[in-house]
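Q: Those protein sequences? They're chains A and B, same order as listed. The opening residue of the first sequence carries number 22 in my numbering; numbering runs sequentially from there. The opening residue of the second sequence carries number 3 in my numbering; numbering runs sequentially from there. We put the beta carbon where it would ideally sit given N, CA and C, even for glycine.
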Amino acid sequence: MSVALKLTILLLGLMFVVAVIYLLVINRINQRNSLPWLTGALIILTLSTIPEILEVAAHFTGVDYPPTLLFLLSTLVILSILLYQSIQISLLQDRCKELAQHLAIVNFNEESRRTEKQWYNNKNTTKIKEMSQSQNVNQSTHHFS
Amino acid sequence: MKKTDCLIIIPAYNEEQNISRVLQDIRKLDTDLDIVVINDGSRDKTVERVKKAGCSKVITLPYNLGYGGALQTGFKYAVNMGYQFVIQFDADGQHDPEDILTILDHLKTGIPDIVIGSRFLGRGSFDPGVMKKFAITVFRLLIKISTGVMITDPTSGLQGLTNRVFTRYATRGDYPEDYPDADTLISMIAAGYRVVEFPANIRIRHSGNSMHTGIRTIYYFVKMLVSILVVLFRNKM
C-alpha cells in the first residue's frame with residue numbers, strides 16, 4: 022500500500038470518527054446508534070495504520086491487491102450498518118403504529134366520555150328547570166286559592 | 003356505549019364522497035348494530051361527513067397507517083369493548099349492506115370463525131381487471147396448495163370475524179399494516195380457524211380510486227408473495 026493511499030485512508034477515517042463524536046456531542050445521534058459507526062471507523066483506522074494485518078488477511082483470502090480487501094471490508098461494514106438501520110426502522114414503525122392506535126382509541130374514549138357527561142348534564146339541567154317551573158306553578162296556584 | 007354484540011368496522015381514507023351513502027345504507031337495514039368508522043388520517047372531510055350522517059363513533063388515527071393498520075385499530079377497540087363479532091365493511095360503497103345480515107347469520111351458527119363475502123360467487127358481475135385477476139388466481143392457488151382449502155376471493159374486504167379471530171388480529175404484532183389478505187388467511191387456516199365463503203353482491207364504486215390500481219397492483223402482488231412465503235416458513239418452523 023502506498024504512503025499516499027495510507028495517509029488518505031487514515032485522514033478520511035479520522036474525519037469520520039470526529040464527525041460521529043461531534044454528532045454525539047450535539048445530541049444528533051445517540052450512543053447506541055453511534056456504536057456501529059464508531060466500530061466501523063475504528064476498523065478502517067486500524068487497518069490503514071497497520072497495513073500488515075490487511076496484507077496477511079489478503080494472503081489468506083486470496084486477494085492479490087490488499088487495498089481491495091479494505092474496500093470490500095468497508096462495503097461489508099456499510100451493508101451491515103444499513104441492515105441494522107432497516108431493523109431499527111421496522112421496530113420503530115411497529116412501535117409508532119402501536120402508539121398511534123393506542124392514542125386514537127384513548128382520544129375517542131375520552132371524547133365519548135365528555136359527550137356522555139355533557140348529555141347527562143344537559144338532561145339534569147332540563148329536569149331541574151322543569152321541576153322549578155312546576156314548583157312555581159304549584160306555588161302560584163296555592164297562593165291564588 | 004355498546005348496544006349489541008356485533009360491531010361493524012369501516013376503515014376510511016379520504017372517502018368524503020362515499021362514506022355518507024355507506025352509513026345511510028347500513029342504517030336502512032334497521033338493525034341495532036354498532037358502527038365504528040376508523041378515519042385513517044384522511045385529509046378531506048371524511049370525519050365531518052361521518053358525524054353529519056349521525057355516526058358518533060369515529061376513531062381518528064394521527065396519520066395514515068394503511069388499510070390493515072386501520073382495521074387492527076377497530077379490532078383493538080372491539081376487544082376493549084367486549085364485542086362478540088365484528089364485520090369489516092369497506093367505505094367505498096362497493097359492499098352491499100344486505101350482506102351484513104348474511105354474515106351475522108353465518109357467525110351466529112357458531113361454525114365458522116371467518117366469513118368472507120366472495121365477489122366471485124356473487125350475484126353481481128365483478129371484474130377486477132386483468133392484473134388483479136391474475137394476482138387473485140395465484141393467491142387462490144397458493145392457499146389451496148398450502149392449506150387444502152379453496153378460497154375464491156382471498157382479497158375480499160367484506161368479512162365477518164368471531165371474537166377469537168379479531169382478538170388474535172388485535173394482539174398479533176405481525177398483522178399486516180397494508181394488505182391483510184391471502185397471507186393472513188393462510189396463517190389462520192393453518193392455525194385451525196374455519197373459513198366459509200358466501201356469495202356477496204358487489205356494487206359499483208361511486209367515486210374515488212381503489213387502493214389497487216396501476217403500479218400499486220404490481221407492488222401489492224410482489225409484497226403479498228413475499229408475505230405468503232414468510233407465513234409458510236413460519237408455519238414450517
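Spatial neighbours of Val41 of chain A within its chain, please: C-beta separation below 6 Å, excluding the five flanking residues on both sides.
A: Result list for Val41 of chain A: Ser55, Trp58, Leu59, in chain order.
Q: Checking contacts by CB at 9 Å: is Ser133 of chain A closer than that to chain B?
A: Closer than 9 Å to some Cβ of chain B, the Cβ of Ser133 of chain A qualifies, so yes.
Q: Taking Thr169 of chain B and Val81 of chain B to be in contact with their CB atoms under 8 Å, please state how far apart those CB atoms are, rounded to whole angstroms.
A: Thr169 of chain B to Val81 of chain B, Cβ: 5 Å. Contact.
Q: What does Gly175 of chain B reach in chain A if we use C-beta pairs closer than 7 Å?
A: By Cβ distance, chain A contributes Asp115.
Q: Would you verify that the beta carbon of Lys118 of chain A is, or is not, closer than 9 Å to some beta carbon of chain B?
A: So yes, Lys118 of chain A belongs to the interface.
Q: At a CB-CB cut-off below 7 Å, which residues of chain B make contact with Gln139 of chain A?
A: Under the 7 Å cutoff, chain B gives no residues; its nearest Cβ is about 12 Å from Gln139 of chain A.
Q: Using a cut-off of 8 Å between C-beta atoms, extract the partners of Val122 of chain A located in chain B.
A: Note on residue identity: the sequence assigns Gln, not Val, to residue 122 of chain A. Ordered by position in chain B, the residues that pass the 8 Å Cβ test against Gln122 of chain A are Leu63, Leu67, Gly71, Gln74, Thr75, Lys78.
Q: Is the Cβ of Asn143 of chain A closer than 9 Å to any Cβ of chain B?
A: Cβ-Cβ to chain B under 9 Å: no for Asn143 of chain A.
Q: Please check if any C-beta of chain B sits within less than 9 Å of the C-beta of Ile108 of chain A.
A: No, its Cβ sits nowhere closer than 9 Å to a Cβ of chain B.
Q: Exposed or buried, Glu137 of chain A, counting other C-beta atoms within 10 Å across all chains shown (16 or more means buried)?
A: Per the 10 Å Cβ criterion, exposed.
Q: Name the chain A residues that come within less than 7 Å of Glu179 of chain B, Cβ to Cβ?
A: Going along chain A in sequence order, the residues near Glu179 of chain B (Cβ under 7 Å) are Lys118.
Q: Which one or two residues does DSSP pair with Asp36 of chain B in a beta bridge?
A: Answer is B:Leu9.
Q: Compute the distance between the beta-carbons of Met226 of chain B and Asp176 of chain B, then report whether it is under 9 Å.
A: No, they are not a contact pair.
Q: Using a C-beta to C-beta distance shorter than 7 Å, which residues of chain B count as neighbours of Phe129 of chain A?
A: Simply Ile61.
Q: Since Asn16 of chain B meets chain A, which of its residues come closer than 8 Å, beta carbon to beta carbon?
A: Result: empty, since nearest Cβ-Cβ is about 17 Å, beyond 8 Å.
Q: Ordered along the chain, which non-local residues of its own chain (more than five positions away) have a Cβ less than 8 Å from that of Phe61 of chain B?
A: Checking the displayed sequence, the identity of residue 61 of chain B turns out to be Ile instead of Phe. Excluding positions up to five away in sequence, the list reads Val38, Val39, Ile40, Asn41, Thr75, Gly76, Tyr79.
Q: Bridge partners of Ile204 of chain B, per DSSP?
A: Paired residue(s): B:His97.
Q: Distance, Cα to Cα, Ser148 of chain B vs Tyr195 of chain B?
A: Going by the C-alpha atoms only, they are around 14 Å apart.
Q: Could you tell me if Gly83 of chain A is buried or exposed, where buried requires 16 or more neighbouring beta carbons within 10 angstroms of its beta carbon?
A: By the 10 Å Cβ count, Gly83 of chain A comes out exposed.
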